[in-house]
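Student: Residue numbers (this note's numbering), protein chains in the order written: chain A, 1 to 242; chain B, 243 to 713.
Glycine included, every Cβ here is placed at the ideal spot set by N, Cα and C.
1) Looking at C-alpha atoms only, which residue of B/622, B/689, B/579, B/515 is the closest neighbour of residue 463 of chain B?
2) Closer than 9 Å by beta-carbon distance: list the chain B residues that pair up with residue 85 of chain A, in chain order.
3) Going along the chain, which residues of its own chain have a beta-carbon closer than 7 Å to the beta-carbon of residue 133 of chain A, five neighbours each way excluded?
4) Alpha carbon to alpha carbon, what distance is there between residue 457 of chain B and residue 687 of chain B?
5) Please work out which residues of its chain come closer than 6 Å, Cβ to Cβ, to residue 213 of chain A, disregarding the five sequence neighbours upstream and downstream, and give them in chain order.
6) Would you call the CB atoms of residue 485 of chain B and residue 466 of chain B closer than 8 Å?
7) Going along chain A in order, which residues have a C-beta closer than 9 Å to the C-beta of residue 254 of chain B?
8) When we look at the beta-carbon of residue 697 of chain B and count the other beta-carbons within 10 Å, is it buried (16 or more) or exposed?
9) Using beta carbons (cut-off 8 Å, strictly below), is residue 701 of chain B in contact with chain A?
10) How far does the alpha helix (DSSP H) with residue 555 of chain B in it extend, from its first residue to its last?
11) Output, in sequence order along the chain, the residues in the segment 95-106 of chain A whose CB is closer than 8 Å to any CB in chain B.
12) What did DSSP end up calling residue 241 of chain A once you bin it into helix, strand or coil?
13) Could you have a look at residue 97 of chain A and say whether DSSP puts it in helix, strand or coil?
14) Identify the continuous alpha helix (DSSP H) that holds residue 438 of chain B and give its terminal residues.
15) Between which two residues does the alpha helix (DSSP H) harbouring residue 513 of chain B extend?
16) Please confirm whether residue 257 of chain B has its beta-carbon closer than 8 Å to some beta-carbon of chain A.
17) Who are residue 13 of chain A's beta bridge partners in DSSP?
18) Do residue 322 of chain B and residue 611 of chain B have their C-beta atoms within less than 8 Å of each other?
19) Could you give the first and the last residue of the continuous beta strand (DSSP E) run that contains residue 39 of chain A?
20) Starting from residue 391 of chain B, trace the beta strand (DSSP E) both ways and give me its first and last residue.
21) With a CB to CB cut of under 6 Å and the five nearest residues on each side skipped, what residues in its chain are close to residue 421 of chain B?
22) In the DSSP assignment, the beta strand (DSSP E) including residue 144 of chain A goes from what residue to what residue?
23) Taking the beta strand (DSSP E) that residue 190 of chain A falls in, what are its first and last residues?
24) Could you name the residues of the same chain whose beta carbon sits closer than 6 Å to that of residue 590 of chain B, not counting the 5 residues immediately before and after it, in chain order?
25) Residue range of the alpha helix (DSSP H) that residue 289 of chain B falls in?
26) Do residue 585 of chain B and residue 516 of chain B have their CB atoms nearer than 8 Å?
27) Against chain B, with Cβ distances strictly below 8 Å, would residue 50 of chain A count as a contact?
28) Using only alpha-carbon positions, find the residue among A/67, A/119, A/79, A/35 that is nearest to residue 404 of chain B.
29) State the CB to CB distance for the pair residue 391 of chain B and residue 478 of chain B, rounded to an integer number of angstroms; the pair is presumed to be in contact (CB under 8 Å).
30) Can you pull the chain A neighbours of residue 403 of chain B, defined as C-beta to C-beta under 7 Å?
31) In angstroms, rounded to a whole number, what distance separates the CA positions of residue 61 of chain A and residue 183 of chain A?
32) Quick check on the burial criterion: 16 or more other C-beta atoms within 10 angstroms. Buried or exposed for residue 15 of chain A?
33) What did DSSP end up calling residue 172 of chain A once you bin it into helix, strand or coil?
34) Please say whether residue 529 of chain B and residue 342 of chain B have beta carbons closer to each other than 8 Å?
35) If you measure between the beta carbons of residue 409 of chain B and residue 707 of chain B, is that distance less than 8 Å?
36) Report yes if the CB atom of residue 311 of chain B is closer than 8 Å to the CB atom of residue 643 of chain B, and no otherwise.
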């Protein structure tokens, strides 16, 4: 099999106050795969993402992007990551186009034309008349679309999504999921944390359930088969898996 | 990448409401300073010309040079004094010059306009020290903490952005915005000076440019401090409160506290005490001379003219001796006071220089020629004039007036109607304001301190941000 795009190797994080947020978590995400991390609040999903983005350093283990360790060579690792947060926050005084141009160029991609920016914004579902409006009046859904447009334009092999559909209406959530599927089909590796079991079931190549920092279950879509993911989740979260 | 970050920072600041408000207010205030300065200059010129005319008018009708006892000389108004007042309004603008005796300046501008003493003049130094430094804080207090609150920091650092480059972009972007947005009204204000007929010389323009450059260096201190504090806090309200407290201490408290402390630490005899010492000494001398006068006995009697001449010669000698002794005594007590004052000033300024506000004030007033040296410079010019005036009077009358001299003159019958004296013959007082070459060297310490503090805060901001939690 090809080299994994995301690679967590015995990832462990103990905070200064002694809380063990991650306990020897290992997983891989390959190109063309979506890895959905499920878990309750405080399970370790965001800590995992923060280590991949080098916002935190692991206490033990390594997080790698295409073989590059995120805490020993963070800039090289970040050059290969695009990130969409739960609540995409952009510069309110800038227009959607200006935000897009700034963050795309910040990601090292400064060859795009204005037409390409417009096309990508239209692709993520942001209507043309909103492209040159300031972000001040944008809804959360519109900002999420801008965030995804930035990720697309950055054209990174690895995409990290932190609760991307949280708070979106069903229509916006559906459109977002469709876009993720399309990106997966283009060969992107996607690491996503979510509370949305049904959407995870729908699009994930692999589902991992985290509980109190431990990866208590990890199954591919094929392994899941027709199993009831909600039942599995509740069993593992309750700590009495079969 | 640095260019991208700088442009983003400039756009972000310029697009904000706080910039629109601060830029508008700053522009108005800067223009106001130049307009007020130009008007103050013209008012001072009017007062100066009127005083000079009045001085000559009081000599109208005098037909004998012996009746000219003194001349009033006036400090000519300087364009830069109107823009950076310094001590210009506090020290006397007039010196009454006799042919001999100690010179003191009197008639400060506050004696004409006491309300100025209460609220002080709204000048360029006040604008930079108090108003613009606050605006510099407003520009950058949320440079880092605000981005963290808004959530943009997390997205930014999901990209391969080196932290040093990011903080350099913050500093340079904010600084460039501040400088350019202030240079526009300053340029307009400078043009107003020309339009309003303020006769700025080339040297004045150089000094004004240096004052503004020092001002920007001073604003840089508050800007870099703001970035440093914002890189040590996670909430912009916290960074603003911290900066406000620092600003109050640095701008309003420390300079005054330093003066207060120096006043307590180093005792300097008051002007009145020194004057009393001199008066006592002078009275003693005068008493001695009175005895000498009482003991006067002409060598020849009968020839009244010869007696008077002998008496005048004795009086002249007594006056010369008295003047010499008085000068020596005054010089000694003045020097003692001056030495103590120097120590007191060194303590006060040394302590005050802890804050950049004091460094800028000292540099700006020195560059404008309105620092503590202004009084000495003016008095030195009047002393030179006193010498010229004394020589002129000796040439005219054979005597040097002043110093409580008693002159007796016997007027013999003369049918010719005396002609009034020609006041145009009296030497004119010339005052050359300090030039940039005279003052630039003295500002080096303050400029270096401002540079050092800037550098310290910039390094601090970078160091703080390297450890900043961008989550």
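Tutor: Per the coordinate set shown:
1) B/689
2) 393, 396, 397, 400
3) 95, 96
4) The straight-line gap from Cα to Cα measures roughly 15 Å.
5) 20, 21, 22, 23, 44
6) no
7) Neighbours of residue 254 of chain B on chain A, chain order: 91, 93, 94.
8) exposed
9) no
10) It spans 546-594 - the alpha helix (DSSP H) in which residue 555 of chain B sits, taken as one unbroken run.
11) Those would be 98, 102, 103, 105, 106, in chain order.
12) Low confidence applies to residue 241 of chain A: its pLDDT is 43, below 50, so where it sits in the model is not reliable enough to give any reading.
13) helix
14) From DSSP, residue 438 of chain B is part of no alpha helix (DSSP H); its letter is neither H nor E.
15) 513-536
16) yes
17) A/22
18) yes
19) Residues 34-39.
20) Note, residue 391 of chain B: premise wrong, no beta strand (DSSP E); alpha helix (DSSP H) at 387-392.
21) Excluding sequence neighbours, residue 421 of chain B sits near 458.
22) From DSSP, residue 144 of chain A is part of no beta strand (DSSP E) but of the alpha helix (DSSP H) over 140-154.
23) It spans 189-194 - the beta strand (DSSP E) in which residue 190 of chain A sits, taken as one unbroken run.
24) Taken in chain order, the residues that qualify are 500, 501, 504.
25) Residue 289 of chain B -> alpha helix (DSSP H) spans 259-299.
26) no
27) yes
28) Selected option, being the one with the closest Cα: A/79.
29) Right, their Cβ atoms sit about 6 Å apart.
30) 106
31) 29 Å
32) exposed
33) In the structure shown, residue 172 of chain A sits in a helix (DSSP, three-state: H, G or I).
34) Not closer than 8 Å, so no.
35) yes
36) yes
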